[in-house]
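Structure, as structure tokens:
Residue numbers (the numbering used here): 1129 to 1459.
Pasting the structure below:
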């Protein structure tokens, strides 16, 4: 799929961008991989290990549409991973989050259309479903922008889709490195916001593979959601500290007890496939009439029951302590 193609990753120096770069270099022979981000130090550090002839590093911010247009010249595929993601920080700095996550999304869309790229996938989050915090609200707005962008091209330009998944094991901001650091320092019991908290759990490699597969599945306008396990916070505490004792510090600003990826209010739009769900767009595109029940790979989905909700607290698949450690080792 990516042989002989040029790929651009916004926020490319983050955990996802690095793993995605490693993966496509090991599986394909792209002509270029453009890493677009605003941190020169992270680009310098990434270039020390990711220095194949296909690599290009562009300093730029998604708030800067003109720079995005320059970076996207000759690009075939775009992965939009850049975002301000820290929930409490977004609560205290709302306009900065809005400028990056909403204005930045529109800039990526405009630049992709101007450069006539082929396909764009934007990374989203479980926090965008029924959002209660500003970060989730901005990502919901971003999701809506990318879905609606398919109406801006008239069927002749890029197609846009969204991938939504949960917490990534070991990524920046994940609780796992934080817990490991505290355990190494002997600081137990571990701090926990609430004893009943649950989260969806996915490895970085699984997230990358899911995005790659969806470039092949997509028609444009879909929100793809993987079927992944959930984890209970006290099981995480036991996995890394050896005890279920915890110090309860209270739910942080904007934090949920459980996360949702397919809301009940969208159940009439939700299709279930063997290993993922698809949320169909709420709007009709002028240039095509799709029901999305059979994707571009020929995989067939079926409508879920009305009122169905994919929820980290009622998930049918929960990780126990042994599986948490097994996934951590693999990650």
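The C-beta atom is built at its ideal place from N, Cα and C for all residues, glycine as well.
Indicate whether residue i and residue j have their beta-carbon atoms separated by less than 7 Å.
i            : j            : result
residue 1156 : residue 1131 : yes
residue 1430 : residue 1383 : no
residue 1125 : residue 1136 : The requested residue 1125 does not occur in the structure, where the chain is confined to residues 1129 to 1459.
residue 1354 : residue 1438 : no
residue 1199 : residue 1331 : no
residue 1299 : residue 1143 : yes
residue 1226 : residue 1253 : no
residue 1304 : residue 1297 : yes
residue 1352 : residue 1291 : yes
residue 1190 : residue 1218 : no
residue 1152 : residue 1257 : no
residue 1311 : residue 1366 : no
residue 1221 : residue 1270 : no
residue 1239 : residue 1248 : no
What is the DSSP secondary structure of residue i, counted as helix, strand or coil?
i            : result
residue 1306 : helix
residue 1137 : strand
residue 1235 : helix
residue 1174 : helix
residue 1227 : helix
residue 1457 : helix
residue 1110 : Only positions 1129 to 1459 of the chain appear in the structure, and residue 1110 is not among them; the question remains open.
residue 1263 : helix
residue 1408 : coil
residue 1162 : strand
residue 1340 : helix
residue 1155 : helix
residue 1388 : strand
residue 1383 : coil
residue 1299 : coil
residue 1328 : strand
residue 1144 : helix
residue 1245 : coil
residue 1275 : helix
residue 1251 : strand
residue 1256 : helix
residue 1398 : strand
residue 1311 : helix
residue 1150 : helix
Distance, Cα to Cα, residue i vs residue j?
i            : j            : result
residue 1286 : residue 1179 : 29 Å
residue 1224 : residue 1260 : 18 Å
residue 1244 : residue 1392 : 36 Å
residue 1317 : residue 1264 : 30 Å
residue 1216 : residue 1321 : 13 Å
residue 1193 : residue 1235 : 5 Å
residue 1325 : residue 1336 : 26 Å
residue 1250 : residue 1183 : 21 Å
residue 1175 : residue 1138 : 16 Å
residue 1405 : residue 1441 : 17 Å
residue 1231 : residue 1370 : 45 Å
residue 1268 : residue 1397 : 16 Å
residue 1103 : residue 1313 : Outside the displayed span of the chain (1129 to 1459) sits residue 1103, for which this structure offers no information.
residue 1205 : residue 1373 : 47 Å
residue 1315 : residue 1289 : 43 Å
residue 1262 : residue 1452 : 30 Å
residue 1276 : residue 1197 : 20 Å
residue 1333 : residue 1402 : 19 Å
residue 1213 : residue 1302 : 11 Å
residue 1426 : residue 1417 : 17 Å
residue 1158 : residue 1272 : 30 Å
residue 1424 : residue 1407 : 15 Å
Tell me which residues share the same chain as residue i and place their Cβ nearer than 7 Å to its Cβ, disregarding the 5 neighbours each side in the sequence.
i            : result
residue 1360 : 1326 and 1446
residue 1428 : 1421 and 1422
residue 1409 : 1275 and 1349
residue 1141 : 1163, 1165, 1167, 1170, 1171 and 1174
residue 1278 : 1287, 1288, 1348, 1349 and 1413
residue 1145 : 1137, 1139, 1163 and 1209
Using a Cβ-Cβ cutoff of less than 8 Å, which residues in the same chain neighbour residue i once the five nearest sequence positions on both sides are dropped?
i            : result
residue 1375 : 1317, 1318, 1319 and 1320
residue 1187 : 1165, 1166, 1168 and 1171
residue 1129 : 1156, 1340, 1343 and 1344
residue 1385 : 1322, 1324, 1325, 1326, 1379 and 1441
residue 1201 : 1243
Give every residue of the same chain whose Cβ lies closer than 6 Å to the Cβ of residue i, excluding the five residues on either side of it in the sequence, and list them in chain order.
i            : result
residue 1435 : 1392 and 1395
residue 1307 : 1318 and 1368
residue 1357 : 1329, 1445 and 1447
residue 1381 : 1216 and 1219
Report the start-end ranges of each alpha helix (DSSP H) in the region 1343-1370 that is 4 residues or longer and not cut off at the edges.
1361-1369
Mind listing, in chain order, the continuous beta strand (DSSP E) runs of no fewer than 3 residues lying wholly within the region 1181-1222?
1183-1187 and 1205-1208
Give, in chain order, every unbroken run of the alpha helix (DSSP H) that is at least 4 residues long and sits entirely within the region 1418-1456.
none
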